[in-house]
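Trainee: In terms of this note's numbering, the sequence shown has 65 at position 60, counting the first letter as 1, and numbering is strictly consecutive.
Structure in structure tokens, see below.
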Amino acid sequence: MKWEERLLVWRLNRGDATALSEVYERCRDDLLRLAGSMLHDGPAAEDIVQDVFVAFAGAARTFRLTGRLKGYLATCVANAARNRLKAAARRRTTDLDEAASLASPGEPPDRWMAISEQFERVSGAMAELPAEQREVITLHVYGDMTFRQIAEWQQASIKTVQSRYRYGLDKLRSALNDEVVR
Numbered sequence: 006m007k008w009e010e011r012l013l014v015w016r017l018n019r020g021d022a023t024a025l026s027e028v029y030e031r032c033r034d035d036l037l038r039l040a041g042s043m044l045h046d047g048p049a050a051e052d053i054v055q056d057v058f059v060a061f062a063g064a065a066r067t068f069r070l071t072g073r074l075k076g077y078l079a080t081c082v083a084n085a086a087r088n089r090l091k092a093a094a095r096r097r098t099t100d101l102d103e104a105a106s107l108a109s110p111g112e113p114p115d116r117w118m119a120i121s122e123q124f125e126r127v128s129g130a131m132a133e134l135p136a137e138q139r140e141v142i143t144l145h146v147y148g149d150m151t152f153r154q155i156a157e158w159q160q161a162s163i164k165t166v167q168s169r170y171r172y173g174l175d176k177l178r179s180a181l182n183d184e185v186v187r
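Next up, the structure:
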């Protein structure tokens, strides 16, 4: 852990409100990008990040950090996003008004259906990937994060992150090609 982070955690433990603001400013954009790439829903991503920071603020005085601060918060956000996705998967009911609002009025229905089917195929294939591979692909493709940044977040080596990305893409390609052949 860098000395700046140690100082920041020390200030948090002392109840320094400016330290909490500093953490928020440093990490907010990356955490929003992470949550947004996992949820594909901006307002839900904002809710997740806010909930994590509220919980973090409540525990700031007793917080004991063993790793990197940003990595810790990223793990909290990723876990909260996964929990939200699991909860959504359990209740998979779609309101008709919500479904109607998803359709773009400028697109012909058959085009929208084709896009929807492609999205479902890719989402299904992504869901079958191991969590580490899915997370690396999501962060790199949707979150515009470099392998170095992802390695810091996952507390893994860059080579490990690159391997997870490559193996994940290979599995996606295989799953999607197999689906097309059927």
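Where a beta carbon is used, it is the ideal one built from N, C-alpha and C, also for glycine.
Owing to the predicted nature of the structure, the values given are computational and were not obtained by experimental measurement.
1) I'd like the list of long-range same chain contacts for residue 180, defined as Cβ closer than 7 Å, with 5 residues on each side in sequence excluded.
2) Quick check: the region 35–47 against the region 80–94, are at least 3 beta-carbon pairs closer than 8 Å?
3) So, helix, strand or coil for residue 138, using DSSP?
4) Between the region 136–143 and the region 165–178, do at least 3 Cβ pairs fall closer than 8 Å?
5) Classify residue 153 as buried or exposed, calling it buried when 16 or more other Cβ atoms lie within 10 Å of its own Cβ.
6) Please state whether the Cβ-Cβ distance between residue 74 and residue 25 is less than 8 Å.
7) Report the option in 64, 127 and 159 whose CA atom is closest to the CA atom of residue 182.
8) Would residue 89 be called buried (16 or more neighbouring beta carbons within 10 Å of its own) or exposed?
9) Hey, how far is the Cα of residue 66 from the Cα of residue 28?
10) Might you give, ordered along the chain, the residues of its own chain that have their beta carbon closer than 7 Å to the beta carbon of residue 87, omitting 5 neighbours on each side?
11) Who are the Cβ neighbours of residue 41 in its own chain at under 7 Å, not counting the five residues just before and after it?
12) Secondary structure at residue 23, three-state DSSP: helix, strand or coil?
13) What number of angstroms, rounded off, separates the C-alpha of residue 158 from the C-alpha of residue 76?
14) Grouping DSSP H, G and I as helix and E and B as strand, with all else coil, what is residue 160?
15) Could you give the distance in angstroms between the alpha-carbon of residue 45 and the alpha-carbon of residue 7?
16) First and last residue of the alpha helix (DSSP H) that includes residue 49?
17) Determine the direct distance from the alpha carbon of residue 17 to that of residue 69, and round the result to whole angstroms.
18) Kindly indicate which three-state DSSP category residue 70 falls into: helix, strand or coil?
Mentor: Walking through what the data contain:
1) Indexing the sequence shown from 1 puts residue 180 at position 175. Excluding sequence neighbours, residue 180 sits near 130 and 133.
2) The count of Cβ pairs closer than 8 Å, one atom from the region 80–94 and one from the region 35–47, reaches three, so the stretches are in contact.
3) Sequence index remark: in the sequence shown, residue 138 carries index 133 (1-based). Residue 138: helix per DSSP, three-state reduction.
4) The way I'd put it, the region 136–143 does touch the region 165–178; three or more beta-carbon pairs between them come closer than 8 Å.
5) Along the sequence shown, read from residue 1 onward, the residue named residue 153 stands at position 148. Looking at its Cβ environment, which holds fewer than 16 other Cβ atoms inside 10 Å, residue 153 is exposed.
6) Position 69 of the sequence shown holds residue 74. Position 20 of the sequence shown holds residue 25. The answer is no: Cβ separation not under 8 Å.
7) Looking up residue 182 in the sequence shown gives position 177. Nearest to residue 182 by alpha-carbon distance, out of 64, 127 and 159, is 127.
8) Position 84 of the sequence shown, counted from the first residue, corresponds to residue 89. It is buried - the Cβ of residue 89 has at least 16 other Cβ atoms within 10 Å.
9) In the sequence shown, the residue the question calls residue 66 occupies position 61. In the sequence shown, the residue the question calls residue 28 occupies position 23. Roughly 14 Å between the two C-alpha positions.
10) Within the sequence shown, the letter at position 82 stands for residue 87. For residue 87, where only same-chain residues beyond five positions count, there are no Cβ hits under 7 Å.
11) By 1-based counting over the sequence shown, the position of residue 41 is 36. The answer, listed in chain order, is 47 and 50.
12) As a position in the sequence shown, residue 23 is number 18, starting the count at 1. Correct three-state label for residue 23: helix.
13) Within the sequence shown, numbered from 1, the residue matching residue 158 stands at position 153. Within the sequence shown, numbered from 1, the residue matching residue 76 stands at position 71. Each residue's alpha carbon lies about 5 Å from the other.
14) As a working mapping, residue 160 is identified with position 155 in the sequence shown. If DSSP states are grouped into helix, strand and coil, residue 160 belongs with coil.
15) Stepping through the sequence shown from its first residue, residue 45 is reached at position 40. Stepping through the sequence shown from its first residue, residue 7 is reached at position 2. Each residue's alpha carbon lies about 32 Å from the other.
16) Translated into positions along the sequence shown, residue 49 becomes position 44. Where residue 49 is concerned, the enclosing alpha helix (DSSP H) stretches over 47–64.
17) As a first step, residue 69 is located in the sequence shown; it is residue number 64 there, counting from the start. As a first step, residue 17 is located in the sequence shown; it is residue number 12 there, counting from the start. Their Cα atoms are separated by approximately 10 Å.
18) Locating residue 70 in the sequence shown gives position 65, counting from the first residue. In this structure, DSSP gives residue 70 a state outside helix and strand, which the three-state scheme calls coil.
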